[in-house]
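Everything below concerns the one structure shown next.
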Amino acid sequence: MAESSVNFLLEKLATLFEKDVHLFGGVQEEAVYLRGELERMKAFLRIADTLQESDEELKVWVKQLRDISHETEDILDEYTLLQGHDHDHGRGIFGSLYRLGCCIKNAKACYRIGSELQAINSRIKEICEVHKRLRHKFRKAEQDPGSDDSAGNTWQDCRGDALLLDKSDLVGLDEPKNQLVGWLFNGSSGREVVSLAGMGGMGKTTLAKQVYDDPEVKKHFEVRAWITVNRSFKFDDLLKDMVQQLFKAIRRRIPQIVANMNNYQLKTTIKELLQNRRYLVVLDDVWHLYEWDAIKYALPSNGCGSRIMLTTRNADVASTTGVLCEGKAYNLKPLPPPESWDLFCRKAFQWNKCPSHLEEICKYILRKCEGLPLAIVAISGMLATKDKRRIDEWDMVRRSLGAEIEGNDKLKDLKKVLSLSFNDLPYYLKSCFLYLSIFPEDHLIERMRLIRLWVAEGFVEAKEGKTLEEVADDYLHELLNRSLMQVATTTPDGRVKTCRIHDLLREIIIPKSRDQNFTTIVKDQSLQWFERARRLSIHSTLQIVQPNRSVSQLRSLFMFGASEKPSISKLFPSGLRLLNVLDLQNSPLEKFPVEVVDLYCLKYLSLRETKVKTVPRSIGRLQSLETLDLKHSNVNQLPVEILKLQRLRHLLVYQHEFVSYEHFHSKKGFKVMSNIGVLQALQKLCFIEVNQDGGTIIRELGKLNQLRRLGLLKLRKEDGKALCSSIEKLTNLRALSIASVEEDEIIDLQHLPSPPLLLQRLYMKGRLDALPHWIPSLPSLVRLSLKWSQLKDDPLIYLRYIPNLVQLELCQAFLGDRLCFRADGFRKLKILSMDKFDELRCIEVEMGAMASLEKLSIQRCKLLENVPSGIEHLTKLKVLEFSDMPVDLMKTIRTDGKDNWKVNHIPEVYSTYWREGGWEVYSIESMTDGEYCPLPSNPFSHELQTRWKSWK
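With full-length UniProt numbering applied, the sequence shown covers 1 to 952.
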């Protein structure tokens, strides 16, 4: 992590020099010296970060370097603030006098800053001397990466233990084992790869070993070899191990010459031994694709039905090897609650039942394990040593599980297994991952919120051809692929919407964040306050925050679940002048915090889901602001000074009013200035009202060529041509949402000869004379929503040709009485929603149409009397949902209905009705006759209703 701090500081120094900032007096000389020394030590930091866990001397050296990096960053930011305040003091004699006073004041401050940098450099010299003494450790680690990695060596011992487990310790493996064995036996005669993926501690090695030792597997494969690949593996040792195992497997003596073979000779030997044999090779614990690439050519595709099975924490390794080698990937799932409880009780109570007085505590601890077998075994084994009569001992573990993992020797193997994935991360991902500690337990983290925060924090490195947000999205997916994060929810078109972190991984990174002054979490009055913390995350009440604390170095402030109105000036009277991030989402704020406009370094400001109504004109002072998030606040207008924020990348000002069904004016945006085109850095602009200034705003939009997401409300027909002209210039646009000023106002978008080819999502709300001719030609479009379109001609005739459409939403989109989905259309469509087709009497689905459809929703079509003709052809359909549909139609699909056979193949069929302010959801089996609609014979579970709402 020191590597991350030093890199960040070096980038800041480079930016300072690149901008040719006038460095006062001795500041420049000191900054140049500091930069040179840090560059020299940077190369050793990656090794030091790895070794510090087992070397106290290195740990101290890394901490000193990290602290100096932070202090220097503070000094440079102070200097940059002074430089920024030298401008814009007005004109005339008063302006001149003010500038003179500031110059004298700043001269003194610059002298102080130069002195502070000089003191920093004196400490750097001392650190350099220590570095010289430590160089032998760095050289040794470079020459032999595994030699000093005691954690790695212990991990190998743990992996060996996983191979020796007794069958009584194994729970929940039968189903995945049978699946994997089937994959090994079936398939083509060529070489195939079967990958087993999951986070550390999930039991991948244990499961693979059960498959490897299965009697039928032994009989099926003539030759077998088990190879453990670890993070610091030596390729020649791995190849020699494989050669030795293969000679033993075919009962031949190992030639002495093997010991002296080079890699090419070893690969050739392996290939010759396997060429005419059906073999199974297990590669256990593959971390990176290059490890597979290094060995794959030694394993021949010999037409004998040979198989390679690899285990990995990296989902990308699993999927890539599966695609490239015609194989399959199995993602190992957590143990379900019943099997988790069974395993827990076996270990904690030696197969006995859990005592009733401990049951609540044990189930809480088990929930923290989240079905992770290694965690269940380790923690229940530790609890087995506790006195079962002492409920206080057990409750202590419940309240301080993180501290137990950190300090209890019985859990050290669990900590090492969970920490390995973190230790393997490159420095830029370590910062991103530690950042997740700011969020409360079980908090669902919004993808775009996290991406914007990472960018604002400076964690994201620029890459040619990509925006910082796109690079950050790559970071997120890499953490997901490495099984360090989990997808919680996705959008209907498959994008990650929210994600989360496993509770135990969170317990691992919280102390790391605290020890490295990365983040302090305040949720307990007794918690020790860390003066040098760069980020402060306050959970629950603000009363636990001790006033008058020194927070001059604070870069980020978060508040979660605060019930009191936050007052920054009262909480932090000394100020937060270096703050980059202020996230007050969902706080009980009613007024814009006036102190915010003095935070000149602020890059990210979120007042989302607050009751703030107005934004002051002084917002224009926040010249560094990149994200202004006022979504679901009460703001509906911004001051003209917002145009001074030239670095603004994301401007979100809108709210939804949604109860049962969407109404035409359910979305509210904000009034925007006519010269909005000056905000050239904008990537997201949602939602602006464009029925003002005679179309000037619409013409200005064409200047915002960095826009990825644009939302427009209150569009008039006469502005359609100007809008088409602007949209044509927005070549980076990925999502476009347009709503007309009134329900019957025509949206005229027929004047767009070259639409943005990267457009992925298009939402149109308002009347259409005809379907815009350019929509079917959009190659990247995955989601299309047409609402209140009132088309006279069947839109499906044209929409069926959109090549990559995944989701189609139609609401009051067509005035005809018949719709037909043709056999050659909608090949990739997965989700179809049809709402309020008032004249619709018949839906026909031809065989071959919508071959990939998984969910079909039909709502409020009052004249529709039968399920779609041909619905039986939709073999991949998983969910069929009816909302407020006629009783007669619902009778036809009941278990005794005439059309029940058409929907019998669909796993989940529901009927829903909006009643008394809530949704009622029924399955086919629970439908009985009622006066107006089916009624449930048994109440549906809360889980089902929640799941149904998420689909909506």
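Note that CB positions come from ideal geometry on N, CA and C, so glycine has one too.
Legend entry - Nearest neighbour of N331, chosen from D342, K862, D316 [CA to CA]: By one-based count along the sequence shown, residue 331 stands at place 331. For N331, the nearest C-alpha among the options comes from D316.
Inset, instruction - Could you work out which residue in S4, M485, E56, E78 is closest to R46 when comparing CA atoms only? - result: Within the sequence shown, numbered from 1, the residue matching residue 46 stands at position 46. Among S4, M485, E56, E78, the Cα nearest to that of R46 is on S4.
Legend entry - E809: first and last residue of the uninterrupted beta strand (DSSP E) it sits in: On the sequence shown, position 809 is the one that residue 809 refers to. In the DSSP assignment, E809 falls within the beta strand (DSSP E) that extends over 807-811.
Legend entry - Straight-line Cα distance separating M850 from L826: Reading the sequence shown from its first residue, position 826 is the one you call residue 826. Reading the sequence shown from its first residue, position 850 is the one you call residue 850. First, the amino acid is wrong: residue 826 is Phe here, not Leu. Rounded to the nearest angstrom, the gap between the Cα atoms of F826 and M850 is 5 Å.
Legend entry - CA-to-CA distance, L557 to L536, given in whole angstroms: Numbered from 1 along the sequence shown, position 536 holds the residue referred to as residue 536. Numbered from 1 along the sequence shown, position 557 holds the residue referred to as residue 557. Whole-angstrom Cα-Cα distance: 5 Å.
Legend entry - Supposed close pair P795, L786 - CB separation, criterion 8 Å: In the sequence shown, counting from the first residue as 1, residue 795 sits at position 795. In the sequence shown, counting from the first residue as 1, residue 786 sits at position 786. Going by Cβ atoms, the distance from P795 to L786 rounds to 7 Å, so yes, they are a contact pair.
Inset, instruction - Go ahead and pull the three-state DSSP assignment for K12. - result: As a position in the sequence shown, residue 12 is number 12, starting the count at 1. DSSP places K12 in helix when its eight states are reduced to three.
Inset, instruction - Could you name the residues of the same chain whose beta carbon sits closer than 6 Å to that of C362, not counting the 5 residues immediately before and after it, in chain order? - result: By 1-based counting over the sequence shown, the position of residue 362 is 362. Same-chain partners within the cutoff: C354.
Inset, instruction - Return helix, strand or coil for W292, following the three-state DSSP convention. - result: As a first step, residue 292 must be located in the sequence shown, where it is residue number 292. If DSSP states are grouped into helix, strand and coil, W292 belongs with the helices.
Inset, instruction - Please go through the same chain and pick out, in chain order, the residues whose beta-carbon is closer than 7 Å to the beta-carbon of L643, but skip the five residues on each side of it. - result: If you number the sequence shown from 1, residue 643 lands on position 643. Only residues of its own chain outside the window of five on either side were considered, and among them M673, N675, V678, L679 have a CB closer than 7 Å to the CB of L643, listed in chain order.
Inset, instruction - Check each candidate in R767, N904, E469 and name the one with the smallest Cα separation from V925. - result: For the purposes of this step, residue 925 is identified with residue 925 of the sequence shown, where counting begins at 1. The sequence given here has Glu at residue 925, not Val. The shortest Cα separation from E925 among R767, N904, E469 belongs to N904.
Inset, instruction - Please state whether DSSP places N260 in a helix, a strand or coil. - result: To locate residue 260, count along the sequence shown from 1; it is residue 260. Helix.
Inset, instruction - With K328 as the anchor, note down where its beta strand (DSSP E) starts and where it stops. - result: Walking along the sequence shown from the start, residue 328 turns up at place 328. Per DSSP, K328 belongs to the beta strand (DSSP E) from 328-331.
Inset, instruction - Grab the span of the alpha helix (DSSP H) containing H220 for me, first residue to last. - result: Start at 1 with the first residue of the sequence shown, and residue 220 comes out as number 220. H220 -> alpha helix (DSSP H) spans 215-220.
Legend entry - Test item: CB-CB of E881 and S857 under 8 Å: For the purposes of this step, residue 881 is identified with residue 881 of the sequence shown, where counting begins at 1. For the purposes of this step, residue 857 is identified with residue 857 of the sequence shown, where counting begins at 1. Taking 8 Å as the Cβ cut-off, E881 and S857 qualify as a contacting pair.
Inset, instruction - Out of N263, T320, T269, point me to the one whose CA is closest to V286's CA. - result: Within the sequence shown, residue 286 is the residue found at index 286, counting from 1. Here the closest residue by C-alpha is T320.
Inset, instruction - Determine the DSSP secondary structure at D424, reduced to helix, strand or coil. - result: In the sequence shown, residue 424 corresponds to position 424, counting from 1. Coil at D424, not helix or strand.
Inset, instruction - Measure the alpha-carbon distance for T50 versus Q750 and round it to whole angstroms. - result: Along the sequence shown, one-based indexing puts residue 50 at 50. Along the sequence shown, one-based indexing puts residue 750 at 750. Distance between the alpha carbons of T50 and Q750 is about 60 Å.
Legend entry - Touch test, the region 56-72 against the region 122-141, Cβ-Cβ under 8 Å, three pairs minimum: yes
Inset, instruction - Compute the beta-carbon to beta-carbon distance between L863 and L840, rounded to the nearest angstrom, for a pair I have assumed lies under 8 Å. - result: Position 863 of the sequence shown, counted from the first residue, corresponds to residue 863. Position 840 of the sequence shown, counted from the first residue, corresponds to residue 840. Yes, L863 and L840 are in contact; Cβ-Cβ is about 6 Å, under 8 Å.
Legend entry - Coil, strand or helix - L579 by DSSP: On the sequence shown, position 579 is the one that residue 579 refers to. L579 falls in the coil class under three-state DSSP.
Legend entry - H650, enclosing beta strand (DSSP E) - first and last residue: If you number the sequence shown from 1, residue 650 lands on position 650. Note, H650: beta strand (DSSP E), 650-652.
Legend entry - Beta-carbon proximity list for C820, same chain, < 6 Å, skipping 5 on both sides: In the sequence shown, counting from the first residue as 1, residue 820 sits at position 820. Here the set comprises E844.
Inset, instruction - Please confirm whether L504 and V545 have their CB atoms less than 8 Å apart. - result: Position 504 of the sequence shown, counted from the first residue, corresponds to residue 504. Position 545 of the sequence shown, counted from the first residue, corresponds to residue 545. Not in contact: L504 and V545 (Cβ atoms no closer than 8 Å).
Legend entry - Anticipated Cβ contact below 8 Å, S552 with S567, distance rounded: Sequence index remark: in the sequence shown, residue 552 carries index 552 (1-based). Sequence index remark: in the sequence shown, residue 567 carries index 567 (1-based). The C-beta distance from S552 to S567 rounds to 18 Å, too long to fall under 8 Å, and the pair is not in contact.
Legend entry - Boundaries (first-last residue) of the beta strand (DSSP E) holding M559: For the purposes of this step, residue 559 is identified with residue 559 of the sequence shown, where counting begins at 1. From DSSP, the beta strand (DSSP E) with M559 extends over 556-560.
Inset, instruction - Can you have a look at L444 and say buried or exposed, based on whether 16 or more other CB atoms are within 10 angstroms of its CB? - result: Along the sequence shown, read from residue 1 onward, the residue named residue 444 stands at position 444. Classification for L444: exposed.
Legend entry - Backbone secondary structure at E931 - three-state DSSP: For the purposes of this step, residue 931 is taken as residue 931 along the sequence shown, with counting starting at 1. Because the pLDDT of E931 is 41, which lies under 50, any placement of that residue in the model is unreliable, and the question is left without a value.
Legend entry - Beta-carbon proximity list for A298, same chain, < 6 Å, skipping 5 on both sides: As a working mapping, residue 298 is identified with position 298 in the sequence shown. Here the set comprises K267, I270, K271.
Legend entry - 6 Å Cβ shell around N302 - same chain, five flanking residues per side excluded: As a working mapping, residue 302 is identified with position 302 in the sequence shown. Cβ neighbours of N302 beyond the five flanking positions: Q275.
Legend entry - Beta-carbon gap between V455 and E626 smaller than 8 Å: For the purposes of this step, residue 455 is taken as the residue at position 455 of the sequence shown. For the purposes of this step, residue 626 is taken as the residue at position 626 of the sequence shown. Yes.
Inset, instruction - Leaving aside the five residues before and after A722 along the sequence, list all residues of the same chain whose C-beta is less than 8 Å from its C-beta, in chain order. - result: For the purposes of this step, residue 722 is identified with residue 722 of the sequence shown, where counting begins at 1. For A722, where only same-chain residues beyond five positions count, the Cβ hits under 8 Å are G695, I698, R699.
Inset, instruction - Could you check if I508 is buried or exposed, using at least 16 other CB atoms within 10 Å of its CB as the buried criterion? - result: Locating residue 508 in the sequence shown gives position 508, counting from the first residue. Burial call: buried.
Legend entry - Under 8 Å between C-beta atoms of K611 and L589: Indexing the sequence shown from 1 puts residue 611 at position 611. Indexing the sequence shown from 1 puts residue 589 at position 589. In this structure, L589 lies closer than 8 Å to K611 by Cβ.
Inset, instruction - Provide the residue(s) that pair with D835 in DSSP beta bridges, ordered along the chain. - result: The residue given as residue 835 occupies position 835 in the sequence shown. The partner list for D835 (beta bridge, DSSP) reads C811, Q859.
Inset, instruction - Since I believe T312 is in contact with S437 (beta carbons under 8 Å), could you give me their beta-carbon distance rounded to a whole number of angstroms? - result: The residue labelled residue 437 in the question sits at position 437 within the sequence shown. The residue labelled residue 312 in the question sits at position 312 within the sequence shown. Contact doesn't hold; Cβ gap of about 26 Å is too wide.
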